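Residue numbers (our numbering): 1 to 181. All C-beta atoms, glycine included, are put in the ideal place defined by N, C-alpha and C. Computed from a predicted structure; not experimentally measured.
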């Protein structure tokens, strides 16, 4: 099965970030972030929010192999039977079978459609960031047995956990917490 893939992005070029050494540093930050005082967490998050690159290990899979359209945004998407037509800011149109949108969305816990409104209101929120649940050292919310991983854990545990890089520690920590019960 063949597929034709294109990447459309707003920036003038993809921003691949980091290297192996920086990954190690991010992991180490992930190990201590939870215990840092609120003001220091806030400062580290601000720095991380300004520099959200694409993981460097993806570069060899993409550069020179996948066509890229830079400095462009999607202005409109129109359904065409079982396909989608994208109208781009540069005037181009793309017709696609599938579209994956990675928009850099803003996290908002209250907009999770699969959690009951009453349950959401019972969960304690992170100080200064009501869009995020406050998690303990085991990634568990104030509701016993309800854990969060990925971007929703990043306010409590740090920017490392917004990415695949933090997944190993997150999964091991949650599994060990469940086992202890």
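Extent of the continuous alpha helix (DSSP H) to which residue i belongs
i           : result
residue 137 : First-last for residue 137: undefined, no H or E at that position.
Given residue i as reference, the closest of the options once Cα atoms are compared
i           : options               : result
residue 171 : 150, 12, 125 and 13   : 150
residue 46  : 175, 180, 166 and 155 : 155
residue 78  : 99, 124 and 117       : 99
residue 57  : 97, 40 and 18         : 18
residue 41  : 158, 173 and 174      : 158
residue 76  : 87, 60, 68 and 43     : 87
residue 20  : 34, 167 and 55        : 55
residue 3   : 85, 135, 96 and 14    : 96
residue 123 : 144, 137, 106 and 60  : 144
residue 60  : 38, 14 and 165        : 14
residue 108 : 165, 152, 82 and 102  : 152
residue 35  : 138, 80 and 106       : 138
residue 23  : 132, 114, 110 and 161 : 161
residue 127 : 16, 114, 39 and 81    : 39
residue 132 : 117, 25, 110 and 119  : 110
residue 68  : 6, 125 and 37         : 6
residue 16  : 33, 135, 63 and 44    : 63
residue 146 : 101, 174 and 80       : 174
residue 106 : 120, 37 and 130       : 130
Where residue i falls: helix, strand or coil (DSSP)
i           : result
residue 122 : helix
residue 10  : coil
residue 94  : strand
residue 144 : coil
residue 152 : helix
residue 181 : coil
residue 107 : coil
residue 130 : strand
residue 100 : coil
residue 4   : coil
Residue range of the unbroken beta strand (DSSP E) whose run includes residue i
i           : result
residue 165 : Taken as a continuous stretch (DSSP letters only), residue 165 belongs to no beta strand (DSSP E), as it is neither H nor E.
residue 80  : 74-80
residue 88  : 83-88
Within 8 Å, do at least three Cβ pairs link the stretch 25-44 to the stretch 87-106? no
Please confirm if the stretch 6-15 is in contact with the stretch 71-84, defined as three or more CB-CB distances below 8 Å between the two stretches. yes
I'd like the ranges of any alpha helix (DSSP H) spanning at least 4 consecutive residues and lying wholly in the stretch 14-69. 20-32, 38-50 and 59-62
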